[in-house]
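Per this note's numbering, residue 4 is the first one in the sequence shown, and the count goes up by one each step.
For every residue, glycine included, the Cβ atom is placed at its ideal position computed from N, Cα and C.
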Amino acid sequence: MHGQRVLTQCLRTARGLCLQHVSLPSQHTTARFAGGCQELSKLSTKVGLVQRRHAQEMATGSEKLSEAEYLFVEDDQPCSTSSLTAGSTPAFLARKGVLNARGQLMLKSLTYPDLEQWCISIGERPQRARQLWRWMYYDGGWVHSLDDTADLQDGLSAAFREQWRDRITVDGGLRLRSVHTAADGTRKMVFDLQDSPEAAGAGVEAVIIPVERPGASRPRTTLCVSSQVGCAQNCQFCFTGRMGLRAQLSTAQIVEQVVEARRHVAEHNRRVAAGELPGAAPMAPISNIVFMGMGEPLHNFEAVGAALEVMCHPQGLRFSPNKVTVSTVGLVPQMRALAARSAVQLAVSLHATTDEVRSWIVPLNRRYPLAELMGALEELYPRNAALRPRAGRHVLFEYVMLRGVNDSLEDAERLIKLTAAIECKVNLILFNPHAGTLFQASTQEQVLAFQAVLKAAGVVCTVRDSRGDDEMAACGQLGNIDELNRLAPMLKPPPRFRDALVAA
């Protein structure tokens with residue numbers, strides 16, 4: 004096949020560039036290495052595209068596919084460590100986002116097997132991967148550079164640091180710009196992206212949410228992370244969704260949000276213990292991760308998938324897959340791929356019970372209508388436990404309550420029917436207004452009435468508290484308010500809903 008030949012040619016070229024990289028003697032200037040890596044960076048996009056096309060050609064037997072048809076097919080998996088020897092080239096080096104703009108290998112974009120492969124390829128023992136991993140992710144490590152480990156117990160040797168200082172980086176590609184604390188204790192962290200010209204001036208946001216529930220044995224802290232700068236989905240009620248897609252985050256940039264949030268919590272607790280913050284209480288360690296920040300996670304599937312491996316690795320960030328939730332508006336092929344690849348929890352932003360309404364407020368519904376979306380979820384999360392691919396799993400349906408749009412009792416009845424064959428829970432979300440929106444929040448009475456109908460039918464249904472809305476840190480509010488004039492225009496609503504909207 005033509006795709007196979009092009010793929011082989013690309014990978015051979017990548018191998019040659021990488022071998023220049025790993026075998027350069029120390030007396031050579033780094034300019035040659037940087038040039039080679041920049042060429043590899045350009046090549047990586049082509050390699051990934053050919054890999055995706057080839058994978059789908061093999062699956063369908065077709066050589067004539069449009070880009071839209073293979074856009075989201077996952078790249079080939081890296082080879083195992085057992086097949087690598089010193090001087091060989093790890094396949095992951097062809098992945099987008101593994102090299103930064105300076106041509107450095109970003110170690111935080113690698114999974115643990117990737118890191119072992121790289122260490123073996125440069126002639127190091129696999130134990131070097133464990134040492135690097137520990138300094139990047141273990142509590143109290145969280146280093147920004149190789150030199151941060153100098154003169155510390157089990158620090159990286161001077162020879163290793165000298166050889167690789169300009170060729171690799173343990174930096175995650177983010178710089179903390181500011182932290183905004185809301186009245187309820189929610190903290191929005193705003194980061195600047197390093198080496199991302201396409202997102203110059205834009206920020207990416209993560210939210211630290213302290214959670215105290217009545218009857219709970221102890222408080223916990225949830226971190227809401229972003230997977231993109233902006234979002235391409237244009238959900239009508241979401242500020243981020245109307246920003247458009249500015250940039251895809253790399254695995255390193257996703258993981259770095261968790262590292263920096265842990266660093267922030269640890270520093271806060273240190274200052275509380277030292278008496279530097281009179282009246283402040285310590286924060287619980289971050290125990291839960293939700294991909295509900297900026298962006299559609301499954302639209303950045305490869306980077307998010309690798310980030311999930313780092314987060315859930317027992318020697319990495321050490322989160323239980325049960326405590327990590329990925330939220331999607333309903334990219335059906337990627338939902339299936341995620342279920343096959345990871346044991347993390349899935350949340351689906353449903354928000355409507357008819358195609359008419361959902362195609363308006365969640366435009367992706369025009370590509371994957373309710374019948375296709377719910378059919379896929381019936382296969383992945385069947386109510387019948389005997390048919391369930393993975394025991395003990397359920398999907399969480401998120402449903403933002405919009406006054407006069409999707410909050411009628413008839414909507415509640417339709418929601419019961421839609422979810423009847425799916426093992427699920429429903430989370431009702433209070434709409435958080437933002438500048439430029441035409442929607443209004445449902446009344447408290449209507450939300451409770453809607454919930455009562457679901458509960459009466461045996462549906463597990465909760466109402467999500469609005470957290471951080473006074474600092475634009477709540478659900479649907481993330482983004483730069485200064486870019487209000489750049490928001491995508493609102494879509495034309497069905498005529499029967501116009502009276503429910505705020506006048507523009």
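V262 is positioned such that its CB atom lies closer than 7 angstroms to that of W145. Residue burial is scored here from C-beta neighbours: V450 has at least 16 other C-beta atoms within 10 angstroms and is therefore classed as buried.
When C-alpha distances from L226 are compared across I425, R216, E312, F322, the shortest belongs to F322. With respect to the C-alpha of H354, the residue from L373, Q348, V347, A343 having the closest C-alpha is L373. One thing to note: N430 has its Cβ within 7 angstroms of the Cβ of E401. 7 angstroms or more divides the Cβ of E375 from the Cβ of V408. Pairwise C-beta distances place the region 420-440 out of contact with the region 260-279, as fewer than three of them are shorter than 8 angstroms. The Cβ atoms of G175 and K111 lie closer than 7 angstroms to each other. Of all C-beta pairs linking the region 221-237 to the region 287-303, three or more are shorter than 8 angstroms, placing the two stretches in contact. Between V332 and V365, the beta carbon gap of about 6 angstroms places them in contact (Cβ cut-off 8 angstroms).
The way I'd put it, the region 131-142 does touch the region 311-321; three or more beta-carbon pairs between them come closer than 8 angstroms.
Excluding sequence positions up to five before and after G143, its CB lies within less than 8 angstroms of the CB of A269, all in the same chain and listed in chain order.
Within a 10 Å sphere around the beta-carbon of Y141 sit fewer than 16 other beta-carbons, which makes this residue exposed. Annotation: T357 is outside any alpha helix (DSSP H) and is labelled neither H nor E by DSSP. N291 carries a strand assignment under DSSP once its states are collapsed to helix, strand and coil. A residue is called buried when at least 16 other Cβ atoms come within 10 angstroms of its Cβ; L159 meets this threshold and is buried. Here DSSP, grouped into helix, strand and coil, assigns S181 to strand.
Between the beta-carbon of L179 and that of L196 there is about 12 angstroms, and that puts the pair past the 8 angstroms contact cut. In its chain, beyond the 5 residues on either side, T114 have a beta carbon closer than 6 angstroms to the beta carbon of E312. If only uninterrupted alpha helix (DSSP H) runs of at least 4 residues are considered, those enclosed by the region 426-460 are 447-459. Judged by their CB atoms, T152 and Q107 are not nearer to each other than the 7 angstroms cut-off. In its chain, beyond the 5 residues on either side, N368, P372, L373 have a beta carbon closer than 7 angstroms to the beta carbon of D358. Boundaries of the beta strand (DSSP E) around L399: 398-404. For N387, the number of other beta carbons within 10 angstroms of its own is below 16, and it is reported as exposed. In the structure shown, S112 adopts helical secondary structure according to DSSP, grouped into three states. For I257, the three-state secondary structure derived from DSSP is helix.
In the three-state DSSP reduction, F194 falls in the strand class (E or B). If you draw a straight line from the Cα of H183 to the Cα of R190, it comes to about 6 angstroms. In this structure, the straight-line span from the alpha carbon of A455 to that of E208 is close to 35 angstroms. DSSP, reduced to helix, strand and coil, places I211 within a strand of the structure shown. Counting C-beta atoms within 10 angstroms of its own C-beta, S253 has 16 or more neighbours from the protein chains shown and is therefore classed as buried. Taking 7 angstroms as the cut-off, the beta carbon of V214 is found closer than this to the beta carbon of R223.
Between the C-alpha atoms of Q337 and A444 there is a straight-line separation of about 31 angstroms.
Cα atoms of A415 and L457: separation of roughly 6 angstroms, rounded to the nearest angstrom.
For the 7 angstroms CB-CB criterion, R344 and G308 form a contact. In this chain, the alpha helix (DSSP H) harbouring L311 covers 304-315.
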